[in-house]
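**Student:** Dropping the structure in here first, questions after.
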Amino acid sequence: MKGYGMHPIDWNIALLMLPLGGLSIALFAKTLGNSRVRDGLDFLAGIGGIVLPLVLLGPLYVVIKEKPWYPFVGQQPDLLGIQLSFDGLFWLLSLLGLIGSFLSWLYTRSTALKGPVFTALLCLQTFGLIATAASADLFNLFVCFEILGIASYVLVALAGKGRAFLASFSYMMVSSASMLFFLLGVFGLYKVTGRLSYSGISQVLAGGISAESVWMVRLSVICIVGATAVRIAVLPVYGWLPEAHASAPHGVSAVLSGVLIKVPLFALGRFLFTLQQDVPFLAPDVQRLTQILGTAGTFTSLVATVLSLCQRDAKLILAYSSISHIGYIVAAWSLASPLGFVVAYLHAFSHAMAKGILFLTVGTVSDRLGERNVDKARGGLSQGWFLFGAFLVGVLSLAALPPLGGWVSKGAVAELYKGGWQYTILFISSWGTMAAMLRLSQLFWHPFSGKSFFPSFLKKPFPALSSLEPVFPSSSGGASISGGKSASGEVSQDADASQGNGKQRLPRGTLFSITLYGLLCIASGVFAHPWISLVTSLLSPTPAAHEKGITIPQPSGSAFITIVAGALLFGLSRTRRGGQLLQLIRNRPQSFEGLVGAFSVAIGALAALLLIP
Numbered sequence: 009m010k011g012y013g014m015h016p017i018d019w020n021i022a023l024l025m026l027p028l029g030g031l032s033i034a035l036f037a038k039t040l041g042n043s044r045v046r047d048g049l050d051f052l053a054g055i056g057g058i059v060l061p062l063v064l065l066g067p068l069y070v071v072i073k074e075k076p077w078y079p080f081v082g083q084q085p086d087l088l089g090i091q092l093s094f095d096g097l098f099w100l101l102s103l104l105g106l107i108g109s110f111l112s113w114l115y116t117r118s119t120a121l122k123g124p125v126f127t128a129l130l131c132l133q134t135f136g137l138i139a140t141a142a143s144a145d146l147f148n149l150f151v152c153f154e155i156l157g158i159a160s161y162v163l164v165a166l167a168g169k170g171r172a173f174l175a176s177f178s179y180m181m182v183s184s185a186s187m188l189f190f191l192l193g194v195f196g197l198y199k200v201t202g203r204l205s206y207s208g209i210s211q212v213l214a215g216g217i218s219a220e221s222v223w224m225v226r227l228s229v230i231c232i233v234g235a236t237a238v239r240i241a242v243l244p245v246y247g248w249l250p251e252a253h254a255s256a257p258h259g260v261s262a263v264l265s266g267v268l269i270k271v272p273l274f275a276l277g278r279f280l281f282t283l284q285q286d287v288p289f290l291a292p293d294v295q296r297l298t299q300i301l302g303t304a305g306t307f308t309s310l311v312a313t314v315l316s317l318c319q320r321d322a323k324l325i326l327a328y329s330s331i332s333h334i335g336y337i338v339a340a341w342s343l344a345s346p347l348g349f350v351v352a353y354l355h356a357f358s359h360a361m362a363k364g365i366l367f368l369t370v371g372t373v374s375d376r377l378g379e380r381n382v383d384k385a386r387g388g389l390s391q392g393w394f395l396f397g398a399f400l401v402g403v404l405s406l407a408a409l410p411p412l413g414g415w416v417s418k419g420a421v422a423e424l425y426k427g428g429w430q431y432t433i434l435f436i437s438s439w440g441t442m443a444a445m446l447r448l449s450q451l452f453w454h455p456f457s458g459k460s461f462f463p464s465f466l467k468k469p470f471p472a473l474s475s476l477e478p479v480f481p482s483s484s485g486g487a488s489i490s491g492g493k494s495a496s497g498e499v500s501q502d503a504d505a506s507q508g509n510g511k512q513r514l515p516r517g518t519l520f521s522i523t524l525y526g527l528l529c530i531a532s533g534v535f536a537h538p539w540i541s542l543v544t545s546l547l548s549p550t551p552a553a554h555e556k557g558i559t560i561p562q563p564s565g566s567a568f569i570t571i572v573a574g575a576l577l578f579g580l581s582r583t584r585r586g587g588q589l590l591q592l593i594r595n596r597p598q599s600f601e602g603l604v605g606a607f608s609v610a611i612g613a614l615a616a617l618l619l620i621p
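What the sequence shown shows, in my numbering, is residues 9 to 621, in sequence order.
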């Protein structure tokens, strides 16, 4: 690109290399004994590895709009080289990943977790996200998935709790087992085609192969899809996610739920849709696979929202809600069309912003109250109206109420299926989302005695903020926060230095990160037209690719129905019989063996549905 002094490919490679530079600086800082120098280098690592790549996306947008690039690393031939894809999807996924990483880093700098170790791991994860977005080569994609996994396992364990260690271990074992199947799929396709790049594989397959090889190709694709489905967390292979996301530090939870479970879906889409377009005999198979995933995603949205409503742990409610919303994203993605791909990304982005603000606000409030059990924790308003306002922004966006980003993207997903059975399930799922968010809002209620909420709440006016009683009285007369303990009573590494007795000022990192998440939630709804235009131009640059435009929903009775139905579901959940039913679902048998069994069933079902006529 003229005027910038760099070759267009150099801008893309710089985006990949900067997080590795930040990783190197952070690791070097870890070896130093001087705390001032160490802290300075740690800050420099975050700026260079996370902030600069985010800034670089500005000029890189101009580069990609002029001409997408699909180079082979080192200018090697197709047979040997690793192919990368610097296109609109790469830019959008990088934007999603870098926003999440930056706000996580900003938030964590106000907690006990800040330091070179966290910065190094976050830079490694950021590199994995960007590299995954750029991958157009199966083995390179496998390596990137492994990098993402390794960084995530350790980041979850950084919470320093026994629950987090167990969740990290389960996540690692299930993910590693699934990636063996991914590697088998890569081996099968390489054995048949002798290529690893998407374009090379498609070229060989389109040229014609033997009947025996066709079966090998189909089985290989099934292994790749099944393994990636574990990373995406759709039914029935979602079991690893809730504990991992709930046990992680709050800033890490925001990235895991907002970004990490979505990027693999779009990376898989790049591979499958290349096969669908370029290999005629595989097009029906890819269509069946995406339809199966779409059906799984639709039911995931409903089942996960029920499980979310059953939880008592505030972060588990959010974790199951993430599974529910990945169901919406998969449902749109599964249409295997430019329009579906655009809508899937729009909802992925709006959900990431809403879930980010919720994990940070709920995590901050629960740490300060010393309790994450939503049936016990009360008095979140004592920590100030800013946190409550930010919480409302996230809730309203998740519940798809105007004028926030979730209202636009969730409405667009529903519009894709209007008139079909999927629309009904997705609409009912939104009721459960509203009910779960009302359950989560109990963190902010005024402390009261008695089990019934509605009578005690309506009998007396809501107290002024200054009159709120401490939730956990201490000997000094303030509110004891138990050192930032979680629901399990273990000390949280997210506790910030400002925590003490009563209401405290928010640290700047916490304040800025939550504010930026909130502004992005609002902007993606208020400025929906230019935002949709930007995403569409990058994912579907040719007008012929569009079957129809994306209609921005207008305020209607459906939003009112969602609010009323959600409130009724929440009220029923607080009755004696409702509570018994929720407890029965919550206490269902869960085990590591069940996670492995679910993956085996998923692979077997995919094979049977695709291979049996």
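Just so you know, even glycine gets a beta-carbon here, dropped at the ideal spot from N, CA and C.
Measure from the alpha carbon of Ala159 to the alpha carbon of each residue in Leu227, Asn148 and Ser183, then state which is nearest.
**Tutor:** Of the candidates Leu227, Asn148 and Ser183, the one whose C-alpha sits nearest the C-alpha of Ala159 is Ser183.
**Student:** Rank Phe190, Pro61 and Lys122 by C-alpha distance to the C-alpha of Leu623 and give the top, closest one.
**Tutor:** An answer regarding residue 623 cannot be provided, because it is not within the stretch 9 to 621 covered by the chain.
**Student:** Leu204: which of Phe51, Gly602, Leu121 and Val225 sits nearest, CA to CA?
**Tutor:** With distances taken between Cα atoms, Leu204 lies closest to Val225.
**Student:** Based on DSSP bridge pairs, tell me the residues matched to Phe357.
**Tutor:** For Phe357, which the question treats as bridged, DSSP gives no partner whatsoever.
**Student:** Taking just the CA atoms, how far does Thr441 sit from Arg320?
**Tutor:** Each residue's Cα considered, the two are about 15 Å apart.
**Student:** Taking the C-alpha atoms as reference points, what is the distance between Thr201 and Phe195?
**Tutor:** If I take the Cα positions, the gap works out to 10 Å.
**Student:** Taking buried to mean at least 16 other C-beta atoms within 10 Å of its own C-beta, is Thr39 buried or exposed?
**Tutor:** Exposed.
**Student:** In the structure shown, what three-state DSSP assignment does Asp95 receive?
**Tutor:** The answer is coil: DSSP assigns Asp95 none of H, G, I, E or B.
**Student:** Grouping DSSP H, G and I as helix and E and B as strand, with all else coil, what is Phe8?
**Tutor:** For the chain, the structure presents residues 9 to 621; residue 8 sits outside this window and is missing.
**Student:** What did DSSP end up calling Asp47 once you bin it into helix, strand or coil?
**Tutor:** It is helical.
**Student:** Taking one C-beta from the segment 378-396 and one from the segment 276-290 each time, how about it: are there three or more such pairs within less than 8 Å?
**Tutor:** Taking 8 Å as the limit for Cβ pairs, the verdict is that the segment 276-290 does not touch the segment 378-396.
**Student:** Short of 8 Å in beta carbon distance, which residues of its chain neighbour Gly176, apart from the five on each side in sequence? Order them along the chain.
**Tutor:** In the sequence on display, residue 176 carries Ser and not Gly. Around Ser176: Tyr161, Val162, Val164, Ala165, Ala252 and Ser255.
**Student:** Can you tell me the Cβ-Cβ gap for Pro67 and Trp19, rounded? I've got them flagged as a contact below 8 Å.
**Tutor:** Contact flag correct, Cβ pair sits at about 6 Å.
**Student:** Just verifying my parser: in three-state terms, what is the DSSP assignment at Asn381?
**Tutor:** In this structure, Asn381 counts as strand in the three-state DSSP scheme.
**Student:** Measuring alpha carbon to alpha carbon, tell me which residue in Phe367, Ser332, Val416 and Leu103 is nearest Pro434.
**Tutor:** According to the sequence displayed, residue 434 carries Leu and not Pro. The shortest C-alpha separation from Leu434 is found at Ser332.
**Student:** By DSSP, does Ser205 sit in helix, in strand, or in coil?
**Tutor:** The answer is strand: DSSP assigns Ser205 an E or B state.
**Student:** Find the nearest neighbour of Met361 within the set Leu400, Leu343, Val373 and Tyr179, judged by alpha-carbon distance.
**Tutor:** The option with the nearest alpha carbon to Met361 is Leu400.
**Student:** Would you call the CB atoms of Leu23 and Ser102 closer than 9 Å?
**Tutor:** Contact: yes.
**Student:** How many angstroms separate the CA atom of Lys75 from the CA atom of Cys529?
**Tutor:** So the alpha carbons of these two residues sit roughly 30 Å apart.
**Student:** Using the C-alpha atoms, what's the distance from Lys270 back to Trp539?
**Tutor:** Computed Cα separation, rounded: 19 Å.
**Student:** Pairing CB atoms from the segment 232-248 with CB atoms from the segment 301-321, are three or more of them under 8 Å?
**Tutor:** Yes, they touch.
**Student:** To the nearest angstrom, report how far apart Glu423 and Tyr179 are at their CA atoms.
**Tutor:** So the two alpha carbons sit approximately 35 Å from each other.
**Student:** Does the segment 517-526 touch the segment 108-125, meaning 3 or more C-beta pairs lie closer than 8 Å?
**Tutor:** With the cut-off at 8 Å, the segment 108-125 and the segment 517-526 touch.
**Student:** Kindly indicate which three-state DSSP category Ser330 falls into: helix, strand or coil?
**Tutor:** Helix.
**Student:** Can you grab the Cα-Cα spacing for the pair Gly108 / Val350, in whole Å?
**Tutor:** Cα-Cα distance, rounded: 20 Å.
**Student:** Once you ignore the five residues that flank Gly30 on each side, which residues in its own chain have a CB closer than 6 Å to its CB?
**Tutor:** Here the set comprises Ala53, Gly56, Gly57 and Cys131.
**Student:** Note the first and the last residue of the continuous alpha helix (DSSP H) segment covering Lys270.
**Tutor:** Run containing Lys270: none; DSSP gives neither H nor E here.
**Student:** Going along the chain, which residues of its own chain have a beta-carbon closer than 7 Å to the beta-carbon of Ser210, five neighbours each way excluded?
**Tutor:** For Ser210, where only same-chain residues beyond five positions count, the Cβ hits under 7 Å are Thr282, Leu283, Asp286 and Val287.
**Student:** Can you find the residues in the same chain that come closer than 6 Å, C-beta to C-beta, to Asn148, ignoring five residues on each side of it along the sequence?
**Tutor:** Correct list, in chain order: Ile90.
**Student:** Only counting the same chain, and skipping five residues up and downstream in sequence, which positions put a Cβ closer than 8 Å to that of Gln299?
**Tutor:** Counting only Cβ-Cβ distances below 8 Å, and skipping sequence neighbours, we find Ser342.
**Student:** Taking Tyr206 as the reference, give the member of Gly587, Ile240 and Ser143 with the closest Cα.
**Tutor:** Looking at the Cα atoms, Ser143 is the closest of the given residues.
**Student:** Using the Cα positions of Ser566 and Ile558, report the straight-line distance between them to the nearest angstrom.
**Tutor:** Using only the alpha carbons, I get a separation of about 18 Å.
**Student:** Quick one: what's got a C-beta closer than 6 Å to Leu514's C-beta in the same chain, skipping five residues either side?
**Tutor:** Excluding residues within five positions, none has a Cβ falling inside 6 Å.
**Student:** Which class does Ser143 belong to by DSSP, given the choice of helix, strand or coil?
**Tutor:** Of the three classes helix, strand and coil, the one that applies to Ser143 here is strand, per DSSP.
**Student:** Quick check: the Cα distance between Ala531 and His537, rounded to an integer number of angstroms?
**Tutor:** Between Ala531 and His537, the C-alpha separation is close to 11 Å.
**Student:** With a Cβ-Cβ cutoff of 9 Å, do His258 and Leu377 count as a contact?
**Tutor:** Result no, Cβ atoms of His258 and Leu377 do not sit closer than 9 Å.
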